[in-house]
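A.B. asks: Each residue of the sequence shown is one higher than the one before, counting from 179 in the numbering used here.
Beta carbons: idealized from backbone N, C-alpha and C, even for Gly.
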Amino acid sequence: MCLFRSGFYTMIMERGFEKQMRRCTCHKESRARPALGTVMKLTTVGLRQACAARAQALAFECADALEARLAVTTGDSELMRLWDAPVAKPIAVSDAVWQLMRVANELAFRTDGIFDAAASGSDGQAHWTDIDLSKRGYVRFRRKMRFDPTGLVKGFAADIAVQAMSEQGARRGLVDVGGVMRAFGPQEWRVQYHLANSKHPLPVALTDGALAGGGSNSGRLFDPATGVMHAGQEWRDLRLIVRARTAAVADGLTKVAMLAPGRAATLLPRLGASVAMLTNEGAHALEYAS
Numbered sequence: 179m180c181l182f183r184s185g186f187y188t189m190i191m192e193r194g195f196e197k198q199m200r201r202c203t204c205h206k207e208s209r210a211r212p213a214l215g216t217v218m219k220l221t222t223v224g225l226r227q228a229c230a231a232r233a234q235a236l237a238f239e240c241a242d243a244l245e246a247r248l249a250v251t252t253g254d255s256e257l258m259r260l261w262d263a264p265v266a267k268p269i270a271v272s273d274a275v276w277q278l279m280r281v282a283n284e285l286a287f288r289t290d291g292i293f294d295a296a297a298s299g300s301d302g303q304a305h306w307t308d309i310d311l312s313k314r315g316y317v318r319f320r321r322k323m324r325f326d327p328t329g330l331v332k333g334f335a336a337d338i339a340v341q342a343m344s345e346q347g348a349r350r351g352l353v354d355v356g357g358v359m360r361a362f363g364p365q366e367w368r369v370q371y372h373l374a375n376s377k378h379p380l381p382v383a384l385t386d387g388a389l390a391g392g393g394s395n396s397g398r399l400f401d402p403a404t405g406v407m408h409a410g411q412e413w414r415d416l417r418l419i420v421r422a423r424t425a426a427v428a429d430g431l432t433k434v435a436m437l438a439p440g441r442a443a444t445l446l447p448r449l450g451a452s453v454a455m456l457t458n459e460g461a462h463a464l465e466y467a468s
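Structural data, given as structure tokens:
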């Protein structure tokens, strides 16, 4: 079961794993497997094999649980129950789904609706202001909609994986969910970005924060301001990265940088984030007209 801050895990730490962890400060363990329609890779530093395996197993379990709750291929997932719910009826959801929707609404508010998971899934027929999250654990739609979590779900999964591994004693590590990355602890990582027409990857440093990329692999993006659904090929020659404190925020803000690059330089710092465009010469400020 995916649990956080439980007495069971506290008991485990008190029975000797913490002492073992202090003796092992540089051991690295990595595991990867499919999750959320992509590959999820987990790396811990400072935990021996058994402890790392336990921490990573819990992180994978949390990602699997999130994926099941957001599945659109089964009618009994939490997301499908929300889609089918009568207007104005409160629907009970897991804390993970409620928190994901809270982050999505916060991003919508802080970006003036440029990022809007409600509008994206409903072709502009509903907006984030039509979602009532006033009672924790319950969601109420003020109008019929299809909330679309794909704009930040990889980042959110990375964040809950970090939380899960931290609860198991991991103090340093890196989570990579399909290119959305979250590092935690005092460890610098070098993320290698491979660019078209370049033989050498571009290294980007990451310490205790998150990176998410946008460009040709971003798929379709809905622009709530114009009501237009943009195809991914519109950004085939663009490669940008967003740096933020959490992976969910970085993931969501890549869509803001792509849809409204002229405003990104002003909006992103409000959330403690920044954006840069990658070229063969390095990373540069995002300076092109929207």
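When DSSP builds the beta bridges, which residues end up paired with LEU352?
C.D. replies: Partner(s): THR221, ALA361.
A.B. asks: Cβ of LYS206 less than 9 angstroms from any chain C Cβ?
C.D. replies: No chain C appears in the structure shown, which is made up of a single protein chain.
A.B. asks: Rounding to the nearest angstrom, what Cα-Cα distance links VAL420 and ALA263 in this structure?
C.D. replies: Distance between the alpha carbons of VAL420 and ALA263: 35 angstroms.
A.B. asks: Take GLY357 as the anchor and find which of ARG324, ALA425, ALA403 has the nearest alpha-carbon.
C.D. replies: The shortest C-alpha separation from GLY357 is found at ALA425.
A.B. asks: So the candidates are VAL434, VAL353, LEU456, VAL453; which of them puts its Cα closest to the Cα of ASP290?
C.D. replies: Considering only alpha carbons, the answer is VAL434.
A.B. asks: With a Cβ-Cβ cutoff of 9 angstroms, do PHE325 and LEU260 count as a contact?
C.D. replies: Taking 9 angstroms as the Cβ cut-off, PHE325 and LEU260 qualify as a contacting pair.
A.B. asks: Can you confirm whether the segment 268-284 touches the segment 312-326 when touching is taken to mean that 3 or more C-beta pairs between the two stretches lie within less than 8 angstroms?
C.D. replies: Counting Cβ pairs under 8 angstroms, three or more are found: they touch.
A.B. asks: What would DSSP say about ASN258, mapped onto helix, strand or coil?
C.D. replies: It should be noted that the sequence gives Met, not Asn, for residue 258. Helix at MET258.
A.B. asks: Could you tell me the boundaries of the alpha helix (DSSP H) in which ILE419 lies?
C.D. replies: From DSSP, ILE419 is part of no alpha helix (DSSP H) but of the beta strand (DSSP E) over 417-422.
A.B. asks: Can you tell me whether MET407 is buried or exposed, with buried defined as 16 or more other CB within 10 angstroms of its CB?
C.D. replies: Flag for MET407 reads exposed.
A.B. asks: How should PRO447 be labelled, buried or exposed, when 16 other C-beta atoms within 10 angstroms of its C-beta is the threshold for buried?
C.D. replies: It is exposed - the Cβ of PRO447 has fewer than 16 other Cβ atoms within 10 Å.
A.B. asks: So, with DSSP's three-state summary, where would you put PRO439?
C.D. replies: Three-state DSSP puts PRO439 in a helix.
A.B. asks: Mind reading off the beta-carbon distance from GLY351 to CYS229? Whole number of angstroms is fine, and I expect it under 8 angstroms.
C.D. replies: With 8 angstroms as the limit, GLY351 and CYS229 do not qualify as a contact, their Cβ atoms being about 12 angstroms apart.
A.B. asks: Which residues bound the beta strand (DSSP E) around ILE208?
C.D. replies: In the sequence as presented, Ile is not what sits at residue 208; that position holds Ser. Looking at the DSSP string, the run of the beta strand (DSSP E) that includes SER208 is 206-213.
A.B. asks: Are there 16 or more other CB atoms within 10 angstroms of the CB of THR221, so buried, or fewer, so exposed?
C.D. replies: Result: buried.
A.B. asks: Specify, as a first and last residue, the run of the alpha helix (DSSP H) that ALA243 falls within.
C.D. replies: That run of the alpha helix (DSSP H) goes 227-247.
A.B. asks: Could you compute how far the alpha carbon of ARG288 sits from the alpha carbon of GLY440?
C.D. replies: Roughly 16 angstroms between the two C-alpha positions.
A.B. asks: Determine whether the beta carbon atoms of ALA241 and LEU214 lie at a separation below 9 angstroms.
C.D. replies: Cβ distance < 9 angstroms, so ALA241 and LEU214 count as in contact.
A.B. asks: I'd like the span of the beta strand (DSSP E) that includes ALA403, first residue to last.
C.D. replies: That residue, ALA403, is in no beta strand (DSSP E); it is neither H nor E in DSSP.
A.B. asks: Per DSSP, ASP310 is paired with what?
C.D. replies: Its beta-bridge partners are ARG318.
A.B. asks: What's the call for ARG137, buried or exposed, on a 16-neighbour Cβ count within 10 Å?
C.D. replies: With the chain covering only 179 through 468, there is no way to say anything about residue 137.
A.B. asks: Under a three-way DSSP split, which group does LEU380 fall into?
C.D. replies: In this structure, LEU380 counts as strand in the three-state DSSP scheme.
A.B. asks: Could you say which of GLU245, LEU449, LEU456 lies nearest to VAL382 if we only look at CA atoms?
C.D. replies: Ranking GLU245, LEU449, LEU456 by Cα distance to VAL382 puts LEU456 first.
A.B. asks: As a quick exercise: from SER300, PRO327, PHE238, ASP254, pick the residue whose alpha carbon is nearest that of ALA282.
C.D. replies: Nearest C-alpha to ALA282: PRO327.
A.B. asks: Around the Cβ of PRO402, are there at least 16 other Cβ atoms within 10 angstroms (buried) or fewer (exposed)?
C.D. replies: By the 10 Å Cβ count, PRO402 comes out buried.
A.B. asks: Might you give, ordered along the chain, the residues of its own chain that have their beta carbon closer than 6 angstroms to the beta carbon of ARG320, omitting 5 neighbours on each side?
C.D. replies: For ARG320, where only same-chain residues beyond five positions count, the Cβ hits under 6 angstroms are ASP308.
A.B. asks: From which residue to which residue does the alpha helix (DSSP H) around ARG288 run?
C.D. replies: 273-288 is the extent of the alpha helix (DSSP H) around ARG288.
A.B. asks: Would you check if the segment 357-368 and the segment 335-345 touch, i.e. whether three or more CB-CB distances between them fall below 8 angstroms?
C.D. replies: Touching, per the Cβ criterion.
A.B. asks: Could you tell me the distance, in whole angstroms, from the CA atom of ASP254 to the CA atom of ALA296?
C.D. replies: When rounded, the distance between both Cα atoms is 20 angstroms.
A.B. asks: I need the boundaries of the alpha helix (DSSP H) containing GLN370, first residue and last residue.
C.D. replies: No alpha helix (DSSP H) holds GLN370; the beta strand (DSSP E) holding it covers 367-371.
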